[in-house]
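One structure is given below, encoded as structure tokens.
In full-length UniProt numbering, the protein residues as written are 1 to 247.
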């Protein structure tokens, strides 16, 4: 829907206020991030979740964006798993971090070089990969991912590889399914419409409610990676089609 120039200017101003606060929150909390290496990983992760929760509260205050999650009861906190989500914006990264306990993330190596933010992410024991080296990256995901789950963490991936437009169907790469089979763990799929509020490009953020749905437990026993990723992809696309409007 086309907005009037006045409304666009107002939403743009709200987004600028959010970004200023977001930068300040990240800087202030990031200053203490190196100290997280001195405390147990579980405690350090609580600090990272607190950062995400504070940012989400600030987003709601400044931009009128909030989230609702359905199906979290399907997730077993005591059983490591691979979580595969569609990727549309920055919102779902913070939202999943705030909602799920003890999660290791598969991220781009260069994200760890961002001051303050990267320092904090490093303490979550991520699997940082160089996407230009495909085979080596997959081996790193399989080996490090299995190790993280043996330590009691779940692993979260965005198998589309990059943020996509909400109008496009999800097309998932197979690495996350291979990791789940390699580690002998289940998969949970995540479907959301965050890009309708917080698009990947552009300043303006649209007020509304982002809906995030979690799938039932997907068993990987006796399945091929191709079968698993198709099951996940089909579920995500079907759920996305049923998500309510943001307003």
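Glycine included, C-beta positions come from ideal geometry on N, C-alpha and C.
Predicted, not measured: the structure shown is a model, and the values here were computed from it.
- Distance check between residue 161 and each of 143, 99, 144 and 108 places 108 closest, using alpha-carbon atoms only.
- Under the 10 Å beta carbon count, residue 228 is surrounded by 16 or more other beta carbons and is classified as buried.
- Across the set 196, 156 and 48, the C-alpha of 196 shows the shortest separation from the C-alpha of residue 65.
- Around the C-beta of residue 37, fewer than 16 other C-beta atoms lie within 10 Å, and the residue is accordingly described as exposed.
- With contacts defined as CB atoms closer than 9 Å, residue 63 and residue 32 fail to qualify as a contacting pair.
- One thing to note: residue 190 has its Cβ no nearer than 9 Å to the Cβ of residue 177.
- The C-alpha of residue 81 is placed about 10 Å away from the C-alpha of residue 181.
- When C-beta atoms of the region 69 to 84 are compared with those of the region 153 to 170, three or more pairs fall below 8 Å, so the two segments count as touching.
- Rounded to the nearest angstrom, the gap between the Cα atoms of residue 126 and residue 240 is 27 Å.
- In summary, residue 2 is exposed, with fewer than 16 beta-carbon neighbours lying within 10 Å of its beta-carbon over all protein chains present.
- For residue 182, the enclosing alpha helix (DSSP H) covers residues 175 to 183.
- Per DSSP, residue 221 lies in no alpha helix (DSSP H) segment and is marked neither H nor E.
- The three-state secondary structure of residue 2, taken from DSSP, is coil.
- Excluding sequence positions up to five before and after residue 8, its CB lies within less than 7 Å of the CB of 204, all in the same chain and listed in chain order.
- Taken through DSSP and simplified to helix, strand or coil, residue 50 comes out as helix.
- Of the residues 5, 124, 78 and 13, the one whose Cα lies closest to the Cα of residue 39 is 124.
- In the structure shown, residue 15 falls within a helical segment according to DSSP collapsed to helix, strand and coil.
- DSSP, read as helix, strand or coil, puts residue 202 in coil.
- DSSP, reduced to helix, strand and coil, places residue 161 outside both helices and strands of the structure shown, so it counts as coil.
- Restricting attention to 113, 209 and 224, the CA atom closest to the CA of residue 247 is found in 209.
- Residue pairing of residue 65 in beta bridges, as defined by DSSP: 208.
- If the five residues before and after residue 175 are omitted, its C-beta is found closer than 6 Å to the C-beta atoms of 138 and 141, all from its own chain and listed in chain order.
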